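A short write-up of the structure that comes next.
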Amino acid sequence: MFSLKDKTALVTGSTFGIGLGILKVFARAGANVVMNGRRKPEDHDALMADLSSHGNKAIFVQGDVTKAGERGRMLKESLDAFGRFDILVNNAGSFFDHGWSNLTEEIFDQTFNLNVKGMLFTSRLAIEHFRSTGQRGSIVMVGSVNSFASERGTTCYDMSKGAILMMTRALAVETFKDNINVNALCPGLVDTPLVRRLIGDEAKFRTVGEGVPKGRWCTIEECGYAALYLVSDEGSYMTGQHIILDGGILAVQYTRISDLGTEGLGT
Ligand SMILES: NC(=O)c1ccc[n+]([C@@H]2O[C@H](COP(=O)([O-])OP(=O)(O)OC[C@H]3O[C@@H](n4cnc5c(N)ncnc54)[C@H](OP(=O)(O)O)[C@@H]3O)[C@@H](O)[C@H]2O)c1
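Add 276 to a position in the sequence shown, counting from 1, and you land on the number used in the numbering used here.
Written out as C-alpha cells, the structure reads:
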C-alpha cells in the first residue's frame, strides 16, 4: 500500500520545511528523491544519508524555480540520475507582503513569479515529459488555507495561493486523458523554520498553535503523508482537487452562537 518504489520524485524547495517533510515521506515509501533549493543545505551529507536509507536513492539538485533555464535543468538532472521521472511537487513558494500600505508592483511580481509562474512552467515541463513517455505522472501544488480565506496584510500571497487552486484545475482539465493527476495540498499552520523565524518568540509560537482548533501546529511529515496519497497509485482517481490539511481552521465560524448568548436556540 502507498508504495512509490522505483518512482522518481522531485520536490521543489525541499532543503527544509514542508518540502523536506514531503521528501522524507516519499523516501520512506521507496521513491528515489530529488531535493531542490537555491542553496545546497549545510547538512547536505546527513540529509542525503537519511533520505537514502530505505533501499532508495537521493540527490540534491540546485536550482531556482523562477528561472526558466534552471527549471529545465532540474528536471533533466532528475531524469539523468534515475532514468525516469514520475512525480513533481511544486512546493517552493513564499511570502513577500509587508502590509497593504506597502504593497508595490515589485512585491506583486516577486510573489507571482515564484508562487504561480514558477509552478506553472515547471509543471508544463513535467507534463510534456509524462506525455512523451505515456507513463503515469503526478503533480502536486502546495497551496494554503490562504487559497480559501484571506488575512489582513497578505494580499499578494493570498491572491497567488488562490491562483494555485485554479491552476490545479486548469492543468487537470488539460491532462484528463493523459494518465496524469494534478492536485493541490493546502496546509494551515505548519511548524517550519520560516514561520519560527517570522514569529520569533517561542511562547508566541506555542500560543498561535494552541489557537488552532486541533490545538497544535501541523508537522512537515503530516504534509508528506497527505501528499503521498495524492501521488500514490491508490490516489489515481483524484485529479483537479485539493486536500485541506488545516487542523480544523476553515471549519470554524468566526461568530459562535454560544458567544451571542443564544445557546439552546431551536432545541
Ligand atoms: N509554513 C506554513 O505554515 C505554510 C502554510 C501553508 C502553505 N505553506 C507553503 O508551503 C511552501 C513551503 O513553505 P515552508 O514554510 O516550508 O518554507 P519556505 O521558506 O517557504 O521554503 C523553504 C524551501 O524553499 C526553497 N526555495 C525558496 N525559494 C526558492 C526558489 N526560488 N527556487 C527553489 N527553491 C526555493 C528554500 O531553499 P533556498 O532558500 O535555498 O532556495 C527551502 O528549501 C510554500 O509554498 C508556502 O507558501 C506554508
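All C-beta atoms in this analysis are idealised placements derived from N, C-alpha and C, irrespective of residue type, glycine included.
The model shown is predicted, which means the values in this text are computed figures rather than measured ones.
May I have the straight-line CA-CA distance separating residue i from residue j, to the nearest angstrom?
i	j	result
Val341	Gln529	37 Å
Met395	Asn366	6 Å
Leu504	Ile519	11 Å
Asp373	Thr430	6 Å
Val458	Asp282	20 Å
Asp509	Gly375	42 Å
Glu486	Phe278	32 Å
Gly369	Lys343	14 Å
Ile533	Val484	23 Å
Gly516	Gly306	25 Å
Ser423	Cys462	7 Å
His405	Gly295	22 Å
Leu474	Gly413	35 Å
Met514	Gly297	22 Å
Gly410	Val466	35 Å
Arg304	Glu497	11 Å
Gly476	Asn455	44 Å
Leu401	Phe292	24 Å
Val287	Glu427	27 Å
Val416	Cys499	12 Å
Gly289	Thr531	37 Å
Arg315	Gly339	8 Å
Use the C-beta contact count for residue i: other C-beta atoms within 10 angstroms, 16 or more gives buried, fewer gives exposed.
i	result
Asp362	buried
Ser377	exposed
Leu536	exposed
Met442	exposed
Arg360	exposed
Phe452	exposed
Ala460	buried
Ala325	exposed
Ser329	exposed
Val310	buried
Ser408	exposed
His320	exposed
Ala527	exposed
Ala448	buried
Ala502	buried
Ser512	exposed
Ala479	exposed
Ala285	buried
Lys300	buried
Asp356	exposed
Tell me, which residues are paired with residue i by DSSP?
i	result
Ile475	Its beta-bridge partners do not exist; DSSP assigns none.
His518	Ala460
Ala322	DSSP, once it has assigned bridges, lists no residue as partnering Ala322.
Gln338	Gly313
Gly413	Ile456
Thr284	Asn308
Leu364	Leu286, Ile415
Cys494	Val466
With the cut-off set at 9 Å, would you say residue i and residue j are in Cβ contact?
i	j	result
Gly464	Cys494	yes
Asn312	Val337	yes
Leu327	Thr398	no
Val488	Ala439	no
Ser354	Ile335	yes
Ile403	Glu450	yes
Thr468	Ser436	no
Phe371	Leu470	yes
Arg482	Gly523	no
Check each residue's C-beta against every heavy atom of ligand 1 and list, in chain order, those closer than 6 Å. Thr288, Gly289, Ser290, Thr291, Phe292, Gly293, Ile294, Gly295, Asn312, Gly313, Arg314, Arg315, Asp340, Val341, Thr342, Asn367, Ala368, Gly369, Ser370, Leu390, Val418, Ser420, Pro463, Leu465, Val466, Thr468, Leu470, Val471
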